[in-house]
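Report on the structure given below.
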Amino acid sequence: MRWPFRRRAAPVVAYEDDGTLPVLLEARDPAVADSAVLAGHDLDAPVLVRHLLTGLPDDAAVERARELLGQDGYRLTVLEGPPYDVRAWRTQVLTPMAASQERSRMAGLAQRLGGDVHGYDVCRPDPSPQD
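Note that this note's numbering gives residue 450 to position 22 of the sequence shown, counting from 1, and the numbers run on in steps of one.
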C-alpha cells in the first residue's frame, strides 16, 4: 500500500562554529544532570552544540577523534596544542536524553584517546529582532 502523502522532515539549519553565535548555555559540571542544565531553555529549534576535548596527546589522537566523530556529523576545531585541545561541534535539535548520551560518548572517547572532556556549550542566533 502506498501512502498518498509523505511528510518530509524539515531541513536542519546548519550553523558554523565561527565565533559569531552567542552562547545560550554551558554545561561544565558532570555532577549536574543534563535535564537540569537544559531546563528553562527553548530548544525546539536546531542549535550548535560544542564539546571541549582537552589534553589529546598527539596528532594521531586528534585525527582519530576527527574520524570517529565525523561519522556522526561532528567537525573538529583545534584550539591549541600539543597536547591538543579541540572543540567537536555540530548542529542538532538538543534534548536532555541526546545531551546525556553525547556527554557520555565524548567522555569515553576522550579517555580512550588519552585526554579529557570539559563539558559542552550550546549556541544559536539571538532570536530578538534587530532594530
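C-beta: ideal position from N, C-alpha, C; glycine also. As the structure is a computational prediction, the values presented were derived from the model and not from experiment.
- Distance from the CA of Arg531 to the CA of Ala493, rounded to the nearest whole angstrom, comes to 15 Å.
- Per DSSP, the continuous alpha helix (DSSP H) segment holding Leu537 begins and ends at 524-540.
- For Leu481, the beta-bridge partners assigned by DSSP are Val514, Val545.
- For the 8 Å CB-CB criterion, His469 and Leu453 form a contact.
- The C-beta of Met525 has fewer than 16 other C-beta atoms within 10 Å across all chains shown, which makes the residue exposed.
- Contact between the region 483-500 and the region 443-459 is not established, with fewer than three Cβ pairs separated by less than 8 Å.
- Separation of Pro474 and Pro553 (C-alpha to C-alpha, rounded to the nearest whole angstrom) is 10 Å.
- Under DSSP, Val521 takes part in no beta bridge, so it has no partner.
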